[in-house]
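Peer 1: Mind having a look at this structure? Questions to follow.
Numbering (this note's numbering), first residue to last: 2 to 120.
Structural data, given as structure tokens:
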């Protein structure tokens with residue numbers, strides 16, 4: 002199965018994010034990261050990568066992380082991604098199909114959030 006508007010073997014870039022912990026009276030401890038999505042035609046695999054951008058003010062060591070899942074196209078023309086602990090349902094948008102907007106549902110606590118990616 003191939004989704005027509007989806008760009009395979011390219012990184013879709015998410016927004017910059019941060020993990021922050023204010024410790025011992027307000028001292029900053031944290032790092033900046035960006036999430037990438039990559040769709041592979043082989044076996045409909047999707048890889049969600051957490052890539053560390055800067056950990057210069059983090060007291061520990063932050064590591065890049067890959068989470069592997071599968072994706073499929075739904076009957077409504079959306080993309081459904083399934084990972085071990087969460088699911089994502091998205092829609093390709095933009096005049097050049099350059100964006101994917103996802104609702105992300107954590108299977109453990111039913112927490113839902115949204116994410117946007119750009120090719």
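C-beta atoms are modelled at their ideal positions from N, C-alpha and C, and glycine is treated no differently.
Answer with buried or exposed for residue 29, where buried requires no fewer than 16 other C-beta atoms within 10 angstroms of its C-beta.
Peer 2: Exposed, since its Cβ has fewer than 16 Cβ neighbours within 10 Å.
Peer 1: Beta carbon of residue 57, beta carbon of residue 87: below 8 Å?
Peer 2: No, they are not a contact pair.
Peer 1: Are any of the Cβ atoms in chain D nearer than 8 Å to that of residue 90?
Peer 2: Of the protein chains in this structure there is only one, and it is not chain D.
Peer 1: Is it buried or exposed, residue 89, if we count other Cβ atoms within 10 angstroms and call 16 or more buried?
Peer 2: Buried.
Peer 1: Only counting runs of 3 or more residues, tell me where the beta strand (DSSP E) segments fall wholly within the stretch 7 to 59, in order along the chain.
Peer 2: Fully enclosed beta strand (DSSP E) runs of 3 or longer: 12 to 24, 28 to 41 and 46 to 55.
Peer 1: Can you grab the Cα-Cα spacing for the pair residue 17 / residue 55, in whole Å?
Peer 2: Whole-angstrom Cα-Cα distance: 11 Å.
Peer 1: Report the rounded CA-to-CA distance for residue 104 versus residue 60, giving the unit in angstroms.
Peer 2: If you take the alpha carbons of residue 104 and residue 60, they lie about 32 Å apart.
Peer 1: Reducing DSSP to helix, strand and coil, say where residue 64 ends up.
Peer 2: Reduced to three states, the DSSP call for residue 64 is coil.
Peer 1: In whole angstroms, what is the alpha-carbon distance linking residue 70 and residue 7?
Peer 2: For residue 70 and residue 7, the distance between alpha carbons rounds to 16 Å.
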